[in-house]
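Let me begin by presenting the structure, written as C-alpha cells, before commenting on it.
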Ligand code: DX5
Ligand code: ZN
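Numbering (this note's numbering), first residue to last: 29 to 257.
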C-alpha cells in the first residue's frame, strides 16, 4: 500500500502550501490549517539554482514537523536532491518528491527515498511529458504534476495539466498501480472540479488557502468544488 495510510482515496486530499502563509508565524500557520481540515502539509523546498527562488532548509522543515500532526509532503525543487534526502527525512518529511528535470536517473533516488521509510514522489514541470511506460512508474508512491513553472506562489493555472493527469490516471489503471496523483500551481475552486474529474487525488494550494483569512472556509470551499466534479 503506497498511499498515505490515513487518507481515503475516495476523497480528495487538500495540501496547503505553507510557503504562501505568514512565514514569521509558521507553527501557528501549521496549527491553523490543521484545525481547518488540511490533510497534508506541503513544504516547497527551493534552492535558488534549480528554481530562481530560495526557501526552506531542513531546519525549517524540522521546526514545521515539530508543530505538525499531519504528514509533511516535501516538494524538493532542488538540484542534486540525492544529497539532501536523508536530511529532509530526518526533518520529519513523510513524502519526498524530486523533480525529473533535476536528475539524470530518478530510479535509484526513488528507491533511496523508500529505503528511508518515506513515500517516493516524482514531479514534472509543465513542459515535461509523462515518462514512457516502464519500471519507473512502479517505483512511484506519488506523481506531482505542476500546473505552473516551479518557483513562486500566485501564478496562473496552466490547463494543459488536465490532459497529462488523465494520461497518468489511464496508465495507472492499465498497469494496476496505486500511486497518488497530485497537482500543484494555481489551484483554486475554479479549477478543482476539472482536476478531480481528470484524476487528481491531492490538490496543493498556497494562494487559495494560505492567501485567505479563514483557512477552514478556504479548505472547505476547495474540497466542495472538487467533490462537485
Ligand atoms: C510553486 C510551488 C507551489 C506553490 C503553489 O513552485 O511548488 O506549491 O506554492 O502556489 P499557488 O497555489 O499560489 O499557485
Ligand atoms: Zn509545491
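Beta carbons: idealized from backbone N, C-alpha and C, even for Gly.
In three-state terms, what does DSSP make of residue 100?
-> strand
Residue environment, residue 24, which counts as buried when at least 16 other CB atoms sit within 10 Å = Absent from the model: residue 24. The displayed extent of the chain is 29 to 257, so no value can be given.
Using a threshold of 9 Å, state whether the C-beta atoms of residue 164 and residue 144 are closer than that.
-> no
Entirely enclosed beta strand (DSSP E) segments - the region 115–139, minimum 3 residues = 123–127
Pairwise C-alpha distance: residue 42 and residue 249 | 11 Å
Can we count residue 72 as close to ligand 2, meaning its CB is less than 8 Å from some heavy atom?
-> yes
Closer than 8 Å by C-beta to residue 173: which residues in its own chain qualify, once you throw out the five before and the five after it? Chain order, please.
-> 151, 152, 189, 192, 193, 196, 209, 210, 211, 212
Is the region 227–238 touching the region 116–133, taking contact as three or more C-beta pairs under 8 Å?
-> no
Would you call the CB atoms of residue 47 and residue 72 closer than 9 Å?
-> yes
Hey, how far is the Cα of residue 171 from the Cα of residue 149?
-> 6 Å
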